[in-house]
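J.:
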Amino acid sequence: MAKALEAGVKLAVFVKRHSWILAFVLMFGLWEAATYWHLIGRTLLASPREVWEVLTRSVQSSTLDHNQNVYIHAFYTFRRALTGWGLTVVGGIAFGLLTGSFEALYIGTEPIVEFARVIPPVLALPLLLVAFNYGEPAYTWTIVFGCLPVMTFAVARGIRGISQEKLELLAAYKVPGVVRGFSVVMETLPSVFLGARLTLTMALIIAVVTEMVFTPRNGWALGALARDSEISFDTPLFYACVVVVGLFGYLANIGIRKIEELLGVAPSGNETDKV
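According to the working numbering, the sequence shown holds residues 30 to 304 in order.
1. Just how far apart, CA to CA, sit Gln205 and Ala52?
2. Going by DSSP, what residue range makes up the alpha helix (DSSP H) through Trp81?
3. Can you tell which of Val179, Ala133 and Ile50 has the C-alpha that lies nearest to the C-alpha of Val118?
4. From what residue to what residue does the alpha helix (DSSP H) around Ile305 run?
5. For the 8 Å Cβ check, are there 3 or more pairs between the stretch 150-160 and the stretch 132-139?
6. Of the choices Tyr279, Ile283, Asn282 and Gly252, whose alpha-carbon is the least far from that of Tyr268?
7. Around the C-beta of Ser87, are 16 or more other C-beta atoms found within 10 angstroms, so that it is buried, or is it exposed?
8. Write down the C-beta distance between Val83 and Gly125 rounded to the nearest angstrom, noting that I regard them as a contact closer than 8 Å.
9. Using only the alpha-carbon positions, how far apart do Ile260 and Ala145 sit?
10. So, at 8 Å on beta carbons, what are the nonlocal neighbours of Leu68 in its own chain, with the 5 sequence-adjacent residues on each side left out?
11. Reducing DSSP to helix, strand and coil, say where Leu292 ends up.
12. Kindly indicate which three-state DSSP category Phe222 falls into: helix, strand or coil?
13. Could you give the distance in angstroms between the alpha-carbon of Leu223 and the alpha-carbon of Asn98?
14. Measuring CA to CA, which of Gly129, Thr244 and Gly278 is closest to Tyr163?
15. To the nearest angstrom, report how far apart Tyr135 and Arg189 are at their CA atoms.
16. In chain order, what residues of the same chain lie with their CB nearer than 8 Å to the CB of Phe57, ignoring the 5 residues before and after it?
17. Please classify Gly293 as buried or exposed, where buried requires at least 16 neighbouring CB atoms within 10 angstroms.
18. To the nearest angstrom, report how far apart Trp170 and Val80 are at their CA atoms.
19. How is Asn247 classed by DSSP in three states: helix, strand or coil?
20. Using C-beta distances below 8 Å, list every residue in its chain close to Phe161, excluding the 5 sequence neighbours before and after it, in chain order.
21. In the DSSP assignment, find the alpha helix (DSSP H) that holds Trp66 and state where it starts and stops.
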């Protein structure tokens, strides 16, 4: 009886710590069941085995003669997303610090930022394609257009949320400016990381959607590959694109969260409501 109880406790602890593994197992189990018993037609849903075959075939095939190589398309898509995201983080921190530090500037720019962040970035793509002669920068700056208001708002709200009493107390005790500056940075970091995580997901979504709307000149684009495979009812290839995008976004967000944990600046649960 004692051993059974101990085994039950260990199982409960394992489930609590590794619940994400069970969630993935359940998801893939339902997916396999839906395709095995033909609950959903093959034109709408490919089996996990078929998707895995596409992914392994992409590893084994040549990148020069195989234009359906998922990983090469993903490389170019992720590069566009990360480039746009990097510019967004740098620009968002700069604009956020500027607008958040001055109340009049914050009040004046807040309506503009709110207005800009609800505009679908895909609406800016045609203009940017013409402006950049249908080159790669058009996709990068479309990502920046969509993500920059969110990043700016997150940082500005973080600056506005800094405790003024703490700053006044540090000034009253004549704490060196370097220490006060470090205190401000640490107070702002949770908002910076929150904005970075939100905009990373947005950057990936915008990159894929813009590629689906207009294929880049070099032809390497995961969004375009997913669109073409969907039109031709190549469902295994389509879901392979979906899996690669989802896995990259998941791992990238985990990476940012790990950095937050290492720095001890993970935002509280209600921080998302401020953005």
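For glycine and all other residues, C-beta sits at the position ideal for the given N, C-alpha and C.
Quantities reported herein were computed from a predicted structural model and do not represent experimental measurements.
T.: Taking the structure as given:
1. According to the sequence shown, residue 205 is Pro rather than Gln. Using only the alpha carbons, I get a separation of about 50 Å.
2. Pro77 to Gln89
3. Val179
4. Examination of residue 305 is not possible in this model, given that the chain is present from 30 through 304 alone.
5. no
6. Gly252
7. buried
8. About 41 Å separates the two Cβ atoms, so there is no contact after all.
9. 33 Å
10. Ala62
11. helix
12. helix
13. 33 Å
14. Thr244
15. 9 Å
16. Pro77
17. exposed
18. 32 Å
19. coil
20. Ala167 and Trp170
21. Here Trp66 belongs to no alpha helix (DSSP H), and DSSP marks it neither H nor E.
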